[in-house]
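Quick notes on the structure that follows.
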Amino acid sequence: MTFKKLVSLATVTALSASLLVGCSSGESEKKEDGKLKIAMVTDVAGVNDQSFNQSAWEGLEKAKKDLGVDVTYLESKQDSDYASNIETLVDQDTDLILGVGMKLAPAIEEASKMYPDQKFALIDETYPEVPKNIEAVQFNSEQSAYLAGIVAGKMTKTNNVGFIGGMELPVIEAFQYGYMAGVKAANPEAKIQVQYANSFTDQAKGKAIAKQMYSQGADIIFTAGGDVGTGAIEAAKEEGKYAIGVDRDQSSLAPKNVLTSAIKRVDVGVYDVVEKLKEGKFEGGTTTVYGLKEGAVGLPESTKNLVPQDVMDYVNQQIEKFEKGELKAPKNEKEYNEMVNQ
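Residue numbering for the sequence shown follows our numbering, starting at 174 and increasing by one per position.
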């Protein structure tokens, strides 16, 4: 698969603001004309996070348009809202309830036990043994992070780049170590600063951490942390440095500063789960993993706006290695250490 083909698949079309405010938190919908009713519960970052939750909602909006299902969402303002939001959707006779993000995993699992006839989907996480009424969806996000790391390693002028994570969770660590491996593959001499914000919503903290990293010599920072990344991108604009977005193409937030984005097409996974339900093929007790081959991870087409062709060609070579099974990106510290110490 060429770089051009990959980024075409990975480009996320931004929906209008009207779509994102069309279903407010707590809104109740009745089934009409026998339509399937699908609903998602966001994590605390909310549906307009310019990242993970927003991409999931875009997947549902596409399902509404293409498949003729009714869709809605409930936002979680705090972790304690997860269980109550799920309860609300069960009471509303929802056909499929999606929990968006790793933090929803315990609440979805508990609800699956309480309501064995209710269908659930868990997005971006799975269980050692997936309950029969849950379909889990995961992504090889370390692959897109690796490609973003290559761009950073090739583009840095200071041999100093950064990574900011939201919280130290496996799903974020996959971004971290995939990115670090890509940086080192492209530029073994590069220094990588790493810091976690312990939040997915604190824009101010993301901005402060990014400014600190820039002051310590970094000229490119990749953030995987929801709205924390929005703050980091704002810092890049103010400092005249580069940032790397996550989950969606975030170049619109700072066209002159966002080099690329490590895309994770949450919308693809969400849409596929709904399509399976619509076709009577919902398979509880399973985990489906999406990666480069499925066009669900990668870099956006906007990358070409700031990244020179020779770097894009090098990225393309690494994509071919992934597809041939000659390259595997690490998703945790152990795999990273094994890879860089070879």
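For each residue, glycine too, the CB sits at the ideal point set by N, CA and C.
Quantities reported herein were computed from a predicted structural model and do not represent experimental measurements.
When DSSP reads this structure, T459 sits in a beta bridge with E308. DSSP places A397 inside the beta strand (DSSP E), whose first and last residues are I393 to A397. K451 and L209 do touch by the CB rule: their CB atoms are close to 6 angstroms apart, below 8 angstroms. Boundaries of the alpha helix (DSSP H) around T403: D400 to E412. Ranked by how close their Cα comes to the Cα of V447, the residues G399, L233, V462 and G418 have L233 in first place. Collapsing the DSSP output to three states places S434 in a strand. Taking the C-beta atoms as reference points, A236 is found no nearer than 8 angstroms to I270.
K384 is the residue among Q389, K384 and A397 whose C-alpha sits nearest the C-alpha of E407.
Counting along the chain, Y350 sits inside the alpha helix (DSSP H) bounded by residues P343 to A359. In this structure the region 391–411 lies against the region 367–381, because at least three pairs of beta carbons, one per stretch, are closer than 8 angstroms. Put simply, the backbone Cα of V488 is about 28 angstroms away from that of D222. Annotation note: the region 203–249 contains the following uninterrupted beta strand (DSSP E) runs of length 3 or greater, listed N- to C-terminal: 210–214 and 243–247. By alpha-carbon distance to I394, the top candidate from Y288, G338 and K449 is G338. Of all alpha-carbon atoms in G335, Y300, A363 and K292, the one lying nearest the alpha-carbon of I417 is that of G335. Per DSSP, the unbroken beta strand (DSSP E) holding L295 starts and ends at K292 to I296.
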